[in-house]
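Notes to accompany the following structure.
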Amino acid sequence: MTALSDAANPATAANPVNVASHRIADSLRHEILGGQLAPGTRIRQEDLAERFGASRIPVREAIRMLHADGLITMVANSGAWVSRLTLAECVEVYSIRERLEPLLLRMSMPNLSAETIDHLDALADGMAANTDVDYFVEHDRELHLSSYSGAPRGALWDIIHRLWNTTQHYRRAYATLVGVEGIGVTHMEHHLLVDCIRRQDPDDAERMLVTHIRRTRLELERHPELFA
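In the UniProt record's numbering, the protein residues as written are 1 to 228.
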């Protein structure tokens, strides 16, 4: 899911406005996904222009890109905010993920290299051995999105990437609430999922992934205070 850098992307390298908009978008994306900008935070164009030493044009383009990624919500004639979900909306997103992600995983599995699968194993081991919540949130995301990396980058991939973006804050809030020690079953599920992938058993992998996503949804439903 890593975007091309400005230097590696001829389209952005040739256009200073694109270079600036990607730089601004990358910085804000990192802050939103990293938890520095909480859901509901107002995004003001004039503040961003001053902060990044840029005109309003690349700032508006950066906001548009983050809106397309599901990280920012834009309201006509009102402004832009870091996207937030109600509990009902989050439950709906997880219900959609339960149905779509197993399909993307099935499409991806035949194209995953042995090196990629070894990397998934290493990510699962690393999370199980680390008690830092931010480490868990970052590497949990990497494990799942890496497991889909063998699938074509089409509409399904884009939808799932957006859904992951919109729920990132709530995964972090839940992990912080219960502590990494409180989600030990997640580590077991990660290892079982990687085992299914290594065995190239898409049926087992789909069942494991549905169980994994559903359990997180049910746990989030038990904590409505995370959405207050």
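We put the beta carbon where it would ideally sit given N, CA and C, even for glycine.
Computed from a prediction, not measured in an experiment: that's the story for all the values here.
Of all the options the options, which has the alpha carbon lying nearest to the alpha carbon of residue i?
i: ASN165; options: SER21, SER55, HIS22 and ALA68; result: ALA68
i: ARG214; options: CYS90, PRO39 and LEU177; result: CYS90
i: GLY150; options: ARG217, ILE117, PRO224 and THR211; result: ILE117
i: MET109; options: PRO224, PRO152, ARG172 and MET188; result: PRO152
i: MET80; options: ARG42, MET65 and ARG198; result: In the sequence as displayed, the identity of residue 80 is Ala instead of Met. Among ARG42, MET65 and ARG198, the Cα nearest to that of ALA80 is on ARG42.
i: ASP140; options: ALA62, GLU189, ALA38 and ASN111; result: GLU189
i: ASN18; options: ARG56, GLU219, ALA38 and PRO39; result: ARG56
i: GLU219; options: HIS187, LEU177 and ARG198; result: LEU177
i: ARG199; options: VAL137, SER113, VAL133 and PRO224; result: SER113
i: GLY40; options: LEU85, ASN15 and ARG51; result: LEU85
i: HIS212; options: SER95, ASN111 and GLY35; result: SER95
Apart from the five residues just before and just after residue i, which ones in its own chain have a Cβ nearer than 7 Å to its Cβ?
i: ALA155; result: none
i: VAL59; result: ILE24, GLN45, LEU48 and ALA49
i: CYS196; result: ASP204, ALA205 and MET208
i: ILE159; result: LEU100
i: PRO202; result: ARG106 and MET109
i: LEU120; result: LEU143, SER146, SER147, VAL194 and ILE197
i: ALA62; result: SER21, ILE24, ALA25 and LEU28
Do the CB positions of residue i and residue j come within less than 9 Å of each other?
i: residue 233; j: TYR135; result: Limits of the chain in this structure are 1 at one end and 228 at the other, which puts residue 233 out of reach.
i: VAL194; j: SER147; result: yes
i: HIS191; j: ALA128; result: yes
i: ALA76; j: ALA54; result: no
i: THR216; j: GLY179; result: no
i: ILE183; j: ALA175; result: yes
i: GLN168; j: VAL137; result: yes
With a threshold of 6 Å on Cβ separation, who are the neighbours of residue i within its own chain once the five nearest residues in sequence on each side are excluded?
i: LEU163; result: VAL93 and ARG97
i: THR73; result: TRP81 and SER83
i: MET65; result: ALA25
i: GLY35; result: ARG172
i: LEU37; result: GLU31 and VAL82
Counting only the same chain and skipping the five closest in sequence on each side, list residues whose C-beta sits under 8 Å from that of residue i.
i: MET1; result: Any reading at MET1 is ruled out, since the residue's pLDDT is 40, under 50, leaving its predicted position unreliable.
i: LEU71; result: LEU28, ARG29, ILE32, LEU33, VAL82, SER83, ASN165 and THR166
i: TRP157; result: LEU104, TYR148 and ALA151
i: HIS187; result: ALA124, MET127 and ALA128
i: PRO224; result: LEU87
i: GLU221; result: LEU87 and VAL91
i: GLU181; result: THR131
i: ASN15; result: none
Please report the residue range of the alpha helix (DSSP H) in which residue i lies.
i: THR131; result: Per DSSP, THR131 belongs to no alpha helix (DSSP H) and is neither H nor E.
i: ARG97; result: 87-108
i: ARG56; result: 56-68
i: LEU37; result: That residue, LEU37, is in no alpha helix (DSSP H); it is neither H nor E in DSSP.
Since residue i is in the beta strand (DSSP E), which residue starts that stretch and which ends it?
i: THR73; result: 72-75
For residue i, which residues does DSSP report across the bridge?
i: ALA80; result: ILE43 and MET74
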